[in-house]
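What follows is a short report on a single structure.
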Amino acid sequence: MRTIYSVLRKSAAIFLFGSLAAVSAASISLNPVEQSVQVGQEATIQINMDFSGDPTIGGGIDILFDDFTNGTELTFVSYEAADIGDPGLRRDPDVESDKLNSIGITAFDGLPEQALVGTIKFIANDMGEYTLTPTESTGVAGGFFALVDTGQPVVEQNPDLFGATITVVPLPAALWLLGVGLFGL
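FYI, the numbering for the sequence shown is 5 to 189, going by this note's numbering.
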């Protein structure tokens, strides 16, 4: 009987600590996760990092435009880096037709555990649903995030990556009819 109780107690402890570890997993997320804008409006996406309990010196990501070509359905307007990390080691992305390549942030003494990395803006040109997906960077040295120096060799971090969807909807019919009416005058 005592053995069963001991096994159950150990199992509960493993489950509890395993659950706590999952909660503190490092992540990079795009926010808002879903947003709806009208044709001609601006869509704004924030890149956030959360390395709570898993401090990092930095790294890099790419943002893939999964189902649109830049300049057709959504036009990339700007990327504004947040004021975190070492400005000399911060990297604004190269704008390519299918991604923002190599957004990088670094501070050798460690970055804040939770922070805004930067803000991306697009203009919506055509109706549809468009997905933005963060991935490991192909252009930042190392292409991964690394733990704050522990006196050991560099330990690679693989944060969970969460994307976003922008849905572009038509202008309301009343505005369209007003435009047609004004054009008729």
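Using N, Cα and C, we set each Cβ at its ideal position, and we do this for glycine too.
Closest to residue i by C-alpha separation, out of the options, would be which residue?
{"i": "D245", "options": "I67, G114, G132, F112", "result": "One cannot answer for residue 245 here, as it falls past the ends of the chain, which runs 5 to 189."}
{"i": "I127", "options": "A30, L34, Q45, S31", "result": "Q45"}
{"i": "I88", "options": "L104, K103, S56, G122", "result": "G122"}
{"i": "T171", "options": "G92, P36, E133, G62", "result": "E133"}
{"i": "E84", "options": "V152, N162, Q50, L151", "result": "Q50"}
{"i": "T110", "options": "N52, G62, S56", "result": "G62"}
When you compare only the Cα positions, how much space is there between residue i and residue j?
{"i": "T60", "j": "G114", "result": "6 Å"}
{"i": "A86", "j": "A119", "result": "8 Å"}
{"i": "V152", "j": "I124", "result": "27 Å"}
{"i": "V159", "j": "L93", "result": "19 Å"}
{"i": "T135", "j": "V37", "result": "10 Å"}
{"i": "A150", "j": "A47", "result": "31 Å"}
{"i": "G75", "j": "P91", "result": "With a pLDDT of only 49 at G75, under 50, the local geometry of the prediction cannot be trusted, and no value is derived from it."}
{"i": "G162", "j": "P176", "result": "The sequence as given places Asn at residue 162; Gly does not occur at that position. Straight-line Cα distance between these residues: approximately 43 Å."}
{"i": "D58", "j": "F148", "result": "14 Å"}
{"i": "N52", "j": "E140", "result": "15 Å"}
Note down, in chain order, each residue of its chain lying with its Cβ closer than 6 Å to the Cβ of residue i, except the 5 sequence neighbours on either side.
{"i": "V99", "result": "F80"}
{"i": "A29", "result": "D164"}
{"i": "D130", "result": "E77"}
{"i": "F112", "result": "I61"}
Using 8 Å as the threshold, is the C-beta distance between residue i and residue j below it?
{"i": "V41", "j": "P174", "result": "no"}
{"i": "S31", "j": "D54", "result": "yes"}
{"i": "G108", "j": "G167", "result": "no"}
{"i": "P138", "j": "L34", "result": "yes"}
In its own chain, which residues sit with a C-beta less than 8 Å from the C-beta of residue i, not counting the 5 before and 5 after it?
{"i": "T142", "result": "D66, N105, S106"}
{"i": "T169", "result": "V37, E38, Q39, E133, Y134, T135, L136"}
Given residue i, which residues of its chain have a CB within under 7 Å of its CB, disregarding the five upstream and five downstream residues?
{"i": "K192", "result": "Look at the range of the chain in this structure, 5 to 189, and you will see that residue 192 is not part of it."}
{"i": "A26", "result": "With a pLDDT of 41 at A26, under the threshold of 50, the predicted position of this residue should be treated as unreliable, though the coordinate-derived value follows. Correct list: empty, nothing qualifies."}
Give, in chain order, every unbroken run of the beta strand (DSSP E) that is at least 3 residues long and sits entirely within the segment 75-145.
Complete beta strand (DSSP E) runs here, min 3: 78-85, 103-110, 118-128, 132-140.
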